[in-house]
Amino acid sequence: MAANPFPYLILIARLCAGVLAGVGLAFYTLVLIKVLDYRFPGQDTFLTALPLIGASYSIAWNILALSTILLVAPIWHSIGDAIALAVLLSLGAVGLYHDSFTYLRNGMYLQYDNGSWFFQEVFGSVMLLLSAITQFIVMIMCIVKHKKSKRIVRAQEAEVLYPQDGFVQPADMRKSGEFMVDCKSVVSFESDVVSLAQPDSVKRGSGDRGSGYSV
Numbered sequence: 001m002a003a004n005p006f007p008y009l010i011l012i013a014r015l016c017a018g019v020l021a022g023v024g025l026a027f028y029t030l031v032l033i034k035v036l037d038y039r040f041p042g043q044d045t046f047l048t049a050l051p052l053i054g055a056s057y058s059i060a061w062n063i064l065a066l067s068t069i070l071l072v073a074p075i076w077h078s079i080g081d082a083i084a085l086a087v088l089l090s091l092g093a094v095g096l097y098h099d100s101f102t103y104l105r106n107g108m109y110l111q112y113d114n115g116s117w118f119f120q121e122v123f124g125s126v127m128l129l130l131s132a133i134t135q136f137i138v139m140i141m142c143i144v145k146h147k148k149s150k151r152i153v154r155a156q157e158a159e160v161l162y163p164q165d166g167f168v169q170p171a172d173m174r175k176s177g178e179f180m181v182d183c184k185s186v187v188s189f190e191s192d193v194v195s196l197a198q199p200d201s202v203k204r205g206s207g208d209r210g211s212g213y214s215v
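Just so we're aligned: the sequence shown equals residues 1 to 215 in the UniProt record's numbering.
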């Protein structure tokens, strides 16, 4: 049986999501430093800091998920990925919208910067967007892995309950509540010709044959 590639793909994708969020965090840190400069008339500085909060949350979550990858079911990781994705997209979008209309479109940043601010803002937002896309891919892979694991478990349970080789199949399966019950016992003569319980005719025949011998 081929090795399951999902754990390795999830590991790589999660690392990429964290790294991309870290790069976006670095660019937005440079932007926040410019806004916090005492010579710059910043407005609603906390809105510029929102993408940093989203990126930090994404990094922290991916580190936590990597450290518990063998302890927590993939479905719970997918829920955490969905939350991290929502936080990253919402906070990043609000911060980018604020900076775009407050500092960039009106050319205000050019009075205090030679143009690097614009590229830092663009690259930072692109990195956060790529991180969000990667986080979404991780979430989908965790869901697929969870469903695949459930199918494997069900198949293994079916093999144990209904073996194919070397065993007598159930003779009369009927539903009783939530379970399927074999109404014919495994040791019943009707269910298995090699039965532990011999019918009366066999017992009488063996008795008659025994009476034919004399000492």
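Cβ coordinates follow ideal geometry from the N, Cα and C atoms, glycine included.
On a predicted model such as this, the values are computed, not experimentally measured, just so you know.
Give me the Cα-Cα distance between P5 and L11, rounded to the nearest whole angstrom. 10 Å
Considering only their Cβ atoms, is the gap separating M141 from A13 smaller than 8 Å? yes
With a threshold of 16 other CB atoms inside 10 Å of the CB of L110, please say whether the residue is buried or exposed. exposed
Sub-8 Å separation of A65 and L88 beta-carbons: no
Let me confirm a value: F27 is counted as buried when at least 16 other C-beta atoms fall within 10 Å, else exposed. Which label applies? buried
Thinking C-beta only, is L30 closer than 8 Å to V94? no
Anyone know if the C-beta pair for L25 and L52 falls short of 8 Å? yes
For the alpha helix (DSSP H) that contains V31, what are its first and last residues? F6 to L36
In this structure, does DSSP put L130 in helix, strand or coil? helix
Between the C-alpha atoms of D81 and G92, what's the straight-line distance to the nearest angstrom? 16 Å
Considering Cα atoms alone, identify which of T102, L15 and V122 is closest to G69. A small fix is needed here, since residue 69 is Ile in this sequence, not Gly. If we check each option's Cα against that of I69, L15 comes out closest.
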